[in-house]
Amino acid sequence: MNKTALITGATSGIGRATAHEFAKHGIKLILCGRRQERLDTIHKALSKQTDVYTLNFDVRDKKATFDAIDSLPSNFKTIDVLINNAGNAHGLDPIQTGNLEDWDAMMDINVKGLLYVSKAIIPQMTERKSGHIINIGSSAGKEVYPKGNVYCGSKHAVLAITEGMRIDLNPFGIKVTAINPGLVETEFSQVRFKGDPIADNVYKGYKALQPEDIAEVIQFAISRPAHVNIADVLMFCTAQANSTIVKKDI
Ligand code: NDP
Ligand code: 8X3
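Under the working numbering, residue 1016 is the last one in the sequence shown; the count climbs by one each step, no gaps.
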């Protein structure tokens, strides 16, 4: 029987590419995000390949998150794979001039939102003694860079929570994976810089990772045999050596 995967942040970037990759493999999809028009578009596109259900909720809203997951119809209720991907950076400022709303957004979405979604889904996995949780961390969860302060803090938290999940869910045979990419060309920088044209320069002069590159690794991780768990992956494009060193042609 085909697996069912729930993907948060499926309206863009890594989440959307993962939905497309999973659809190729006939995985049933529960696609989540806040932009309904995009959910409708991806629903229509992927329904040709697999069964698709969409959920519109903000992961910051605890009640909306639990209500949405509770509302799943019986044929989508059993979730085998959870991809905790929704998240963004908001701003790139030194700590002394950082914006409180940006800090709230990053901690509330990247950390607490991931926890709410996980809390809504883990009980059915522990009950069945099976499941796979993949948390999208970042190279920013392994290495802090200038002005990255709170975003890096949120992604360090994601990595710590991932490790905690792997320990606590070990008795239940649940796989837990962290995928930690470096620079990926998505809407990430448009969100981080709030539409400022500076965002256009982030991926210039080198070939950044593409969202499909991450999606392929996620598909690899979920398709390993039962005894294999890909615990932690750090991925860079060839031009990137670490958070601060990127070989650019311009
Ligand atoms: P995008 O901006 O392209 O996608 C972000 C996704 O998250 C969207 O689908 C958005 O959907 C969703 N999202 C954002 N806020 C919320 C919210 N409050 N509630 C529900 N959904 C939300 O960025 P990426 O694809 O690049 O980012 C995906 C993940 O990958 C993030 O966790 C990011 O930190 C991580 N990452 C990104 C890297 C990069 O360089 N791009 C590198 C390393 C990690 P909607 O707006 O419809 O709600
Ligand atoms: C996204 C990669 O380097 O912009 O997590 O933090 S970076």
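C-beta: ideal position from N, C-alpha, C; glycine also.
Residue from the options with nearest C-alpha to residue i
i      : options                        : result
LEU881 : VAL825, LYS970, PHE938, GLU929 : VAL825
LEU848 : ILE945, LYS829, LYS790, GLU803 : ILE945
GLY919 : LEU1000, PRO860, ALA906        : ALA906
ALA987 : PRO860, GLY864, VAL957, GLY897 : GLY897
CYS798 : ASN851, ASN768, LYS790         : ASN851
ILE861 : LYS814, LYS913, VAL877         : LYS913
THR770 : ALA783, THR784, LYS794         : LYS794
ASN854 : ASP966, ASN1008, GLN956        : GLN956
SER813 : GLU803, PHE823, ASN822, ILE796 : ILE796
Close beta carbons around residue i, own chain, < 7 Å, minus the five adjacent residues each side
i      : result
LYS828 : TYR882
ARG801 : THR777
ALA871 : HIS856
Cutoff 8 Å; reference residue i; Cβ partners in own chain excluding five residues on either side
i      : result
GLU867 : HIS856
GLY903 : LYS921, VAL924, LEU925, THR928, ALA944, ILE945, ASN946
GLU953 : SER778, GLY779
CB of residue i within 8 Å of CB of residue j, strictly
i      : j       : result
LEU949 : ALA974  : yes
TYR917 : THR1010 : no
GLN890 : ILE933  : no
ILE900 : ILE984  : yes
GLY939 : LYS895  : yes
PHE832 : ALA886  : yes
Proximity test, residue i beta-carbon vs the ligand NDP heavy atom, cut-off 7 Å
i      : result
ILE887 : no
PHE954 : yes
THR777 : yes
SER813 : no
6 Å CB neighbourhood of residue i in its chain, flanking five on each side removed
i       : result
HIS809  : VAL818, THR820
ALA1005 : TYR972, VAL1012, LYS1013
Length of the line joining the Cα atoms of residue i and residue j
i       : j       : result
ASP1015 : MET931  : 41 Å
GLU909  : VAL994  : 27 Å
LEU858  : MET1001 : 22 Å
THR784  : ASP806  : 16 Å
ILE835  : GLY879  : 13 Å
VAL1012 : ARG958  : 19 Å
PRO991  : LYS941  : 11 Å
Within-8 Å CB hit, residue i to chain B
i      : result
LEU925 : In the structure shown, chain B does not exist; there is a single protein chain.
Residue i: CB within 7 Å of a non-hydrogen atom of the ligand 8X3
i      : result
LYS921 : yes
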